[in-house]
Amino acid sequence: MNQALLFQNLRIRLLRNSWRAMVLQSSMRPLTIFLCSLVVWCFVFAISWGGFLFLQTEVSVPMTGEIVGVLLDLLFLSLAVLLVFSSGLILYGSLFASPETTFLLSSPVAADQVFAYKFQGAIAFSSWAFLLLGVPILIAYGIVCDASWIFYALLPLFFLGFTLLPGSLGGLAALLIVNYFPKRRKQVLAACLVGLVMAVVVWIYRMAQASSSELWRDEMREAVTRLLSYFQFTRNPLAPSHWVSLGLRSVVRGEVGLALYYLALVWSNGLFLYLIAAISSTWLYPRGYNRMTTGGDMRRARVASVGDGAVAYACGSDSFRESWVDRLLYAALFFIHPRTRLLIIKDFRTFRRDPQQWGQILAFCGLMLLYFANIRRFVENISGPYQSGISFMNLCAVALLLCTYTGRFVFPMLSLEGRKFWILGLLPLEREQLLWGKFVFSMTGGILIAGGLVLVSDLMLLMPALPVLLHLLTVFVLSAGLSGLSVGLGACMPNFRESDPSKIAAGFGGTLNLVAGLLFLLLVLGLMAAPWHAETMLGEMKELSMLPIGKGIAVICLAMGLAVGAASPLLAMRAGIRALREMEF
Amino acid sequence: MIKLDRVTKQYGNKTAVHELSLDIAAGELFAFLGPNGAGKTTTIKMMCGLLFPTSGAVYIGGHELRRDGDRARQLLSYVPDQPFLYEKLTGREFLQFITDMYGLPRDKAVERIAEVIELFELHEFIDDLTERYSHGMRQRTVFASALVHEPRVLIVDEPTVGLDPHSVRRLKDLLRRQADQGTTVFLSSHSLDVVEELADRIAIIEHGRLVACGTLKALRDQAAVDGSLEEVFLTLTRPVEDRVTTRDSISFPRSAWERK
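Each protein sequence line maps, in turn, to chains A and B. For what it's worth, the working numbering labels the leading residue of the first sequence as 11, then goes sequentially. For what it's worth, the working numbering labels the leading residue of the second sequence as 112, then goes sequentially.
Shown next as structure tokens:
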């Protein structure tokens, strides 16, 4: 059998069996995923549709002109950058760090066929976020522009061709880094990420300055021209993201021939780059595996774990060669019992050494950050109710991300101790410390990620100090609550036989945790943030002011939200601690 | 069938395998012993084409692994100490995947799958997802998949770990039968009783260097011990200062192997 066909059959069988198993195990799970995805999709569609309509009717921006072109350029460039990183990370994980690697490399299957198989998986996995967030934006664009059916027919073709370019680039980068920096591959990746983040921060800063109120004192045309100059880098004629943008705008204008030219340009370049990546993989993949296995960093082999860990940390003993990140975290958590801190550091190490885990969070956060950074331009001239409404929607989106994070990564944490659980069980510490360690780890991560995102969103929306503080307080309560629920329920319903976190999260316990998390999220958002926003929005829109929501009610609701936020995690943690105390292993 | 020609493998500055030469004939059951970290798994991975020798060459069925890896791997099956199964495939689907991968014609594949299901008594669970298998069930399925395409070389790393005595007995019979049918079996194990019972020839590696290679009798002579393989092994892998002869002074005739 043709090897490509062989892997296609394998993929189909794996997907079919996984789907059957998921439905059999818990039919609630796929339904919940579908409904959540639908809510997010509709939300993004509504925002985009409103935004494009606003640009068209209120500001009279031509939909196929330069301004919208810049927005589309930026959208596709952002997606390209995210796809390079996410597909590169996923390909690295599946080509070099998966248990399947040894099996496939010792079989007679050609290395480029394995690369092709893994490449397709990585592209599918890393681009589903685009389908969820990018497609509604483009469909909204098509509707507002009154585009013909050809636009919708060509959309998936443009997208498929486009993903080949960043995907191949990510794959090539993964192969080259492993081949030429086998000892320093993580440092190279970290340097790339830091470079990217710095570039984005500098750009956002310059953008923020450019779109400050002083700029708008100039003539509108000059102001727009100055603003557009900051996006010049997205409009490079050699940038594939620009080709996609030009192609889509051409088809909206009815210039189908030109659109097909850009489509051909995208596909031919995408296939060419993929060909280079696939041909390179025939020697770079086996060589890379060999280099990584035998040329890797040997330092870990010298690490000796002796003595009391807490004492060694505190004294900076050389018998522990832990990284500076661990030391920093240990110092930052000074208020926690030293032994609990050691457990937190163990969880943190496990998490950060699994790129497939944090890669997903990184991709999500990247998408959200880009959205928050770009929303500034949409709301430049609007204030009051819309500003408040959008900030609340952003808070809801971050809360959903937090709920996904705790459900996907925190709930399975105790189960993942698996057969090694007896090691923790025999440690000279109270069992409840295990749970509190995981709770603090999860809550700290949640506050840092969600708090950072909400802060960026509110700053970009120029929100006043009070709602910013209210949002941060809400994020704190949500992080604590969702962490408590996930850790507590994770201890009540552990699955020690499973080693795959996604399977644990997809089980009955994981689904129950997800549903509980969503209810908690709705309750806290409804009590803590919604009344204030409703009061602000309706207060300013007198004609809609039908609900008698005053500041007093908002404060009472806030207090109730805090009470719910404190009680829920405590109850869940209490149940989890009780379950863990009675657990036999 | 398997030939290692002055193979050296370095991990950075550390030499994992040093100038190792082996010549293993078709139908031989060859056991490969050594303390932990001696270089056994590195050697096996080089024989499967997973790692490349820093110097020297590995041949499987006359094909040099670096130059002609695909053809060489077509001839062999590797059962690692932690074997891999696709969790979301049934045992039968996994066997089908293996026969397709090795290019068996459909009729032949159907026949072989039926044979290995019978041989390894997989009937009861062959149509369940492998994620539900116990350790013993996984091990049987992995061996079935390793043999379903009738390899000429079978490389097995620590196959008896976690198996009950009945399963170990079945495994020993299977390995012996495979060798008798002409398959070259390369067995790496710490279970010295299994090796003592099965192996035609035994090689002992320590710190990446071959310290002994031959029949059990030859090894006994070399160690000047007339006891079990365990005693022979402990004598030959004793620290250098405790030994009468140094490691470098030991020489091994690479003559054709002789059956016990």
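The beta-carbon is built from N, C-alpha and C at its ideal position, and this holds for glycine as well.
By the Cβ criterion, the region 504-516 of chain A is not in contact with the region 528-547 of chain A, since fewer than three pairs of Cβ atoms, one from each stretch, lie closer than 8 Å. For residue 339/B, the CB contacts under 7 Å within the same chain, skipping 5 residues up- and downstream, are 307 in chain order. CA-CA distance, residue 291/A to residue 171/A, rounds to 20 Å. Residues of the region 240-256 of chain B whose Cβ lies closer than 9 Å to any Cβ of chain A, in chain order: 240 and 242. Around the beta carbon of residue 543/A, 16 or more other beta carbons lie within 10 angstroms, which makes this residue buried. Residue 128/B holds the alpha-carbon nearest to the alpha-carbon of residue 165/B among 112/B, 128/B and 219/B.
Per DSSP, reduced to three states, the secondary structure at residue 167/B is strand. The straight-line gap separating the alpha-carbon atoms of residue 592/A and residue 492/A is approximately 24 Å. Taken through DSSP and simplified to helix, strand or coil, residue 296/B comes out as strand. For residue 121/A, same chain residues with a beta-carbon under 7 Å away, outside a window of 5 residues either side, are 291, 292, 295 and 296 in chain order. When beta bridges are read from the DSSP output, residue 188/B appears opposite 265/B.
Note on residue 252/A: 16 or more other CB atoms within 10 angstroms of its CB, so buried under the neighbour-count rule. Bridge partners of residue 175/B according to DSSP: 170/B. A straight-line Cα-Cα distance of about 42 Å links residue 200/A and residue 132/B. Interface flag for residue 119/A against chain B is set, since a Cβ pair is found closer than 8 Å.
As DSSP reads the structure, residue 144/B sits in a beta bridge with 315/B.
Pairing residue 175/A with residue 280/A gives a Cβ-Cβ distance under 8 Å. Taken through DSSP and simplified to helix, strand or coil, residue 126/B comes out as strand.
Taking a C-beta cut-off of 7 Å against chain B, the contacting residues of the region 25-49 of chain A are 27, 28 and 31, listed in chain order. Residue-level contact by beta carbon holds for residue 204/B and chain A, with a gap shorter than 8 Å.
In this structure, DSSP gives residue 466/A a helical state, which the three-state scheme calls helix. Take residue 380/A, set aside five residues on each side of it, and the residues of its chain with a beta-carbon closer than 6 Å to its own are 88, in chain order. Assignment of alpha helix (DSSP H) within the region 116-200 of chain A, counting only whole runs of 4 or more residues, yields 121-136, 138-154 and 159-190 in chain order. Restricting attention to 278/B, 287/B and 260/B, the CA atom closest to the CA of residue 312/B is found in 287/B. The DSSP assignment places 511-516, 518-534 and 540-550 as complete runs of the alpha helix (DSSP H) inside the region 491-561 of chain A, in order along the chain (cut-off: 4 residues). Cβ proximity to chain B below 7 Å picks out 109, 110, 112, 113, 115, 116, 117, 118, 119 and 120 from the region 106-132 of chain A. Between residue 263/A and residue 74/A the beta-carbon gap is near 5 Å, inside 8 Å, which marks them as a contact. Residues of the region 170-195 of chain B with a C-beta less than 7 Å from any C-beta of chain A: 181, 184, 185, 189, 191 and 195, listed in chain order. Spanning the alpha carbons of residue 143/B and residue 314/B requires a straight line of approximately 5 Å.
Taking residue 373/A as reference, the option from 16/A, 78/A and 97/A with the minimal CA-CA separation is 97/A. Straight through space, the alpha carbons of residue 60/A and residue 248/A are spaced by roughly 31 Å. Residue contact with chain A for residue 297/B: absent (no Cβ-Cβ distance below 8 Å to any residue of chain A).
The beta carbons of residue 348/B and residue 317/B sit closer together than 8 Å. Counting along the chain, the unbroken beta strand (DSSP E) around residue 323/B starts and ends at 320-325. Interface flag for residue 236/B against chain A is unset, since no Cβ pair is found closer than 8 Å. The continuous stretches of alpha helix (DSSP H) do not include residue 71/A, and DSSP gives it neither H nor E.
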